[in-house]
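Line by line, the protein sequences give chains A and B.
Residue 835 in the working numbering sits at position 246 of the first sequence; the count goes up by one each step and never skips.
Residue 165 in the working numbering sits at position 117 of the second sequence; the count goes up by one each step and never skips.
Just so you know, even glycine gets a beta-carbon here, dropped at the ideal spot from N, CA and C.
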Amino acid sequence: MSRRSRRRWPPAPLVLLGALGTALVAVPLIGLLWRAPWADLGSVITAPVVLDALRLSLISSLSATAIAFVLGVPVAWLLARVDFPGRQLVRGLVLLPLVLPPVVGGAALLFALGRRGLVGEPVYEATGLVLPFSTWGVVLASTFVAMPFLVITVEGALHNLDQRYEGAAASLGARRWTVLRRVTLPMVGPSLLAGLVLTWARAFGEFGATITFAGNLQGRTQTLPLAVFVALESDRGVAVAISLLMVVVSLIVLVALRERWWRVS
Amino acid sequence: MRLVLVSILALATSGCGDSGSDDELLVSAAASLTDAFAAVADVFEQANPGVDVILNLAGSSTLREQILEGSPTDVFASANFSTMQQVIEAGVTSGPPRIFAENRLQIALPAGNPGGVVGLDDLANEVLLVGLCAEGVPCGDLARTVLVEAGVEVSVDTNEPDVRSLLSKIEVGELDVGITYVTDVISTDGAVEGVDIPEELNGVAAYSIVALEGAGDADLARAFIEFVLSRDGQEIIGELGFSSP
Chain A
590 MSRRSRRRWP PAPLVLLGAL GTALVAVPLI GLLWRAPWAD LGSVITAPVV LDALRLSLIS
650 SLSATAIAFV LGVPVAWLLA RVDFPGRQLV RGLVLLPLVL PPVVGGAALL FALGRRGLVG
710 EPVYEATGLV LPFSTWGVVL ASTFVAMPFL VITVEGALHN LDQRYEGAAA SLGARRWTVL
770 RRVTLPMVGP SLLAGLVLTW ARAFGEFGAT ITFAGNLQGR TQTLPLAVFV ALESDRGVAV
830 AISLLMVVVS LIVLVALRER WWRVS
Chain B
49 MRLVLVSILA LATSGCGDSG SDDELLVSAA ASLTDAFAAV ADVFEQANPG VDVILNLAGS
109 STLREQILEG SPTDVFASAN FSTMQQVIEA GVTSGPPRIF AENRLQIALP AGNPGGVVGL
169 DDLANEVLLV GLCAEGVPCG DLARTVLVEA GVEVSVDTNE PDVRSLLSKI EVGELDVGIT
229 YVTDVISTDG AVEGVDIPEE LNGVAAYSIV ALEGAGDADL ARAFIEFVLS RDGQEIIGEL
289 GFSSP
């Protein structure tokens, strides 16, 4: 009897600490709900400044995810499958934005790719292209901070993959590129999807690198997080309403896609 | 596990000890006061051994939000009076606010003036990269009043959250022109050049300071404010380009 009840109930310290951990995240969100301007939420959410920011946030976060996919999967594959000199260093470099304060990333981008930057200046002289204060600047800053999420997830999946399947495909005459497309990528599919979702979510919430590198202008560089920050200065109701919008959109994506991975795997 | 618990305990107890100490003074000051208050705090600390002045610097409106949400601030120094007024109306101040300095706006450009800026009209030039402080931030509101007064339709490329982030983007040359305070231009030691705004168009920013009701040590908060207003305090602030009220 006691054995059965012990099996049914998880250890009390774990439950207590787990509940505390959940509360740490949940309580601030409840604070947001508490301050929300429920009466005129509809008109606040559909204000031009909010819709502009939402549009820009969706465009920039999806673009950043696409770029991270095109560049990040090859990085992950090389890190997982090729034993080249300095691999640990490259891995550390590529994952650095995970722990770097985003504002440092933004400043680094400015010094490298700004109009007076190391790479930015010659590019500007040759083409007239200016990345800071443009939507491309937002996309670049978001990619910088979000891509490591894709790399770390996909690299982990490639490590854990049973390479005999790839070996079998190769022994049946498939070229390496075909093996990658037809065997490897489908097998890491769930992890790839998870990585893409994390990458998108991080890009969607990106603030520090964006405001440092791309500035803040409605319709061009002001994404939802920037709109929240500016609204906090002038109209708290608007700030809370936008925050709620971000929480809802992010939560829907995270929960819905999590359900999907379970079904896939 | 034991190590984690010990460090959590240490953190908790040290946290309690700090907030109970009377020797710390948390001063929330407008970003444009960064250098002035650093200098004032230094001298005040020397004159009052054992006292530690902690500066919390941000846009005045950000500071207002922090105070209204209950941050343990002892003294608040605002770059405009309407922000100060909102804190007073919330009933969290102790004693009347005092005007302690004045500041004027100036057109700010990177050294060498790569954009060839000569006056306010250039802020309407779409080819140039133009930055202002965001609306709601004192330097942003004041700059917009000046631009309306001058009849300039500004072609803005970024609305920065506070004057220091605007200044740094001008300093590295990513922006061609912006409007900051005279004192900000002075603080860069030549990395940013200033072009004067005609006196009849220029607005005056009046800086006010107040003690807050929840101040850990009300006497210390008052002493700090008195020092800012004293001849010594005014001299330090004046050296950085502020004028006395």
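Residue i in three-state terms, based on DSSP
{"i": "leucine 74 of chain B", "result": "strand"}
{"i": "glycine 68 of chain B", "result": "Its pLDDT being 41, under 50, glycine 68 of chain B is placed unreliably by the model, and the measurement read from it follows with that caveat. Here glycine 68 of chain B sits in helix by DSSP."}
{"i": "serine 256 of chain B", "result": "strand"}
{"i": "phenylalanine 738 of chain A", "result": "helix"}
{"i": "aspartate 244 of chain B", "result": "strand"}
{"i": "leucine 168 of chain B", "result": "helix"}
{"i": "threonine 611 of chain A", "result": "helix"}
{"i": "proline 686 of chain A", "result": "helix"}
{"i": "valine 838 of chain A", "result": "helix"}
{"i": "serine 650 of chain A", "result": "helix"}
{"i": "glutamate 208 of chain B", "result": "strand"}
{"i": "alanine 792 of chain A", "result": "helix"}
{"i": "arginine 809 of chain A", "result": "coil"}
{"i": "leucine 223 of chain B", "result": "coil"}
{"i": "glutamate 150 of chain B", "result": "strand"}
{"i": "threonine 228 of chain B", "result": "strand"}
{"i": "alanine 828 of chain A", "result": "helix"}
{"i": "serine 292 of chain B", "result": "coil"}
{"i": "valine 178 of chain B", "result": "strand"}
Range of the contiguous alpha helix (DSSP H) that encloses residue i
{"i": "glycine 695 of chain A", "result": "691-702"}
{"i": "phenylalanine 796 of chain A", "result": "Looking at the DSSP string, phenylalanine 796 of chain A is not in any alpha helix (DSSP H), and its letter there is neither H nor E."}
{"i": "serine 705 of chain A", "result": "It should be noted that the sequence gives arginine, not serine, for residue 705 of chain A. Segment: none, arginine 705 of chain A is in no alpha helix (DSSP H) and carries neither H nor E."}
{"i": "valine 768 of chain A", "result": "765-768"}
{"i": "alanine 182 of chain B", "result": "It is not in any alpha helix (DSSP H) - alanine 182 of chain B carries neither H nor E in the DSSP assignment."}
{"i": "alanine 269 of chain B", "result": "266-277"}
{"i": "arginine 771 of chain A", "result": "Counting along the chain, arginine 771 of chain A falls outside any alpha helix (DSSP H), and DSSP gives it neither H nor E."}
Residue-chain proximity (residue i, chain B), Cβ-Cβ < 8 Å
{"i": "glutamate 795 of chain A", "result": "no"}
{"i": "glutamate 822 of chain A", "result": "yes"}
{"i": "isoleucine 800 of chain A", "result": "yes"}
{"i": "proline 637 of chain A", "result": "no"}
{"i": "arginine 704 of chain A", "result": "yes"}
{"i": "serine 854 of chain A", "result": "Confidence in serine 854 of chain A is poor, its pLDDT being 44 and thus under 50, which makes the residue's placement too unreliable to answer from."}
{"i": "phenylalanine 722 of chain A", "result": "yes"}
{"i": "valine 819 of chain A", "result": "yes"}
{"i": "glycine 804 of chain A", "result": "yes"}
{"i": "threonine 865 of chain A", "result": "Given that chain A is displayed from residue 590 to residue 854, the structure contains no residue 865 of chain A and the question cannot be resolved."}
{"i": "leucine 613 of chain A", "result": "no"}
Supposed contact pair residue j and residue i - C-beta distance, whole angstroms, cut 8 Å
{"i": "proline 691 of chain A", "j": "alanine 798 of chain A", "result": "4 Å"}
{"i": "glycine 703 of chain A", "j": "proline 686 of chain A", "result": "The pair is not a contact, with the Cβ atoms about 18 Å apart (cut-off 8 Å)."}
{"i": "leucine 157 of chain B", "j": "valine 165 of chain B", "result": "5 Å"}
{"i": "glutamate 755 of chain A", "j": "valine 777 of chain A", "result": "About 11 Å; that fails the 8 Å criterion."}
{"i": "tyrosine 792 of chain A", "j": "serine 650 of chain A", "result": "One detail in the question is off: residue 792 of chain A reads as alanine in this sequence, not tyrosine. Right, their Cβ atoms sit about 4 Å apart."}
{"i": "phenylalanine 124 of chain B", "j": "serine 76 of chain B", "result": "5 Å"}
Minimum Cβ-Cβ distance from residue i to chain A less than 8 Å
{"i": "glycine 118 of chain B", "result": "no"}
{"i": "serine 109 of chain B", "result": "yes"}
{"i": "valine 135 of chain B", "result": "no"}
{"i": "alanine 182 of chain B", "result": "yes"}
{"i": "glutamate 222 of chain B", "result": "yes"}
{"i": "asparagine 104 of chain B", "result": "no"}
{"i": "proline 209 of chain B", "result": "yes"}
{"i": "glycine 262 of chain B", "result": "no"}
{"i": "glutamate 241 of chain B", "result": "no"}
{"i": "threonine 206 of chain B", "result": "yes"}
{"i": "asparagine 179 of chain B", "result": "Residue identity check: residue 179 of chain B is glycine in the sequence provided, not asparagine. With 8 Å as the cut-off, glycine 179 of chain B counts as an interface residue toward chain A."}
{"i": "glutamate 248 of chain B", "result": "no"}
{"i": "glutamate 219 of chain B", "result": "no"}
Beta-carbon proximity of residue i to residue j, cut-off 8 Å
{"i": "threonine 810 of chain A", "j": "threonine 82 of chain B", "result": "no"}
{"i": "leucine 73 of chain B", "j": "alanine 269 of chain B", "result": "yes"}
{"i": "serine 256 of chain B", "j": "proline 145 of chain B", "result": "yes"}
{"i": "leucine 643 of chain A", "j": "phenylalanine 802 of chain A", "result": "no"}
{"i": "alanine 182 of chain B", "j": "glutamate 201 of chain B", "result": "no"}
{"i": "glycine 242 of chain B", "j": "aspartate 122 of chain B", "result": "no"}
{"i": "alanine 191 of chain B", "j": "isoleucine 227 of chain B", "result": "yes"}
{"i": "arginine 112 of chain B", "j": "valine 252 of chain B", "result": "no"}
{"i": "alanine 78 of chain B", "j": "serine 108 of chain B", "result": "yes"}
{"i": "histidine 748 of chain A", "j": "alanine 669 of chain A", "result": "yes"}
{"i": "alanine 172 of chain B", "j": "serine 203 of chain B", "result": "yes"}
{"i": "alanine 758 of chain A", "j": "valine 639 of chain A", "result": "no"}
{"i": "glycine 289 of chain B", "j": "threonine 231 of chain B", "result": "yes"}
{"i": "leucine 621 of chain A", "j": "valine 827 of chain A", "result": "no"}
{"i": "glutamate 222 of chain B", "j": "alanine 239 of chain B", "result": "no"}
{"i": "isoleucine 245 of chain B", "j": "alanine 84 of chain B", "result": "no"}
Residue span of the beta strand (DSSP E) that contains residue i, given as start and end
{"i": "asparagine 104 of chain B", "result": "100-106"}
{"i": "leucine 81 of chain B", "result": "Premise fails: leucine 81 of chain B is in no beta strand (DSSP E) and is neither H nor E."}
{"i": "alanine 125 of chain B", "result": "123-126"}
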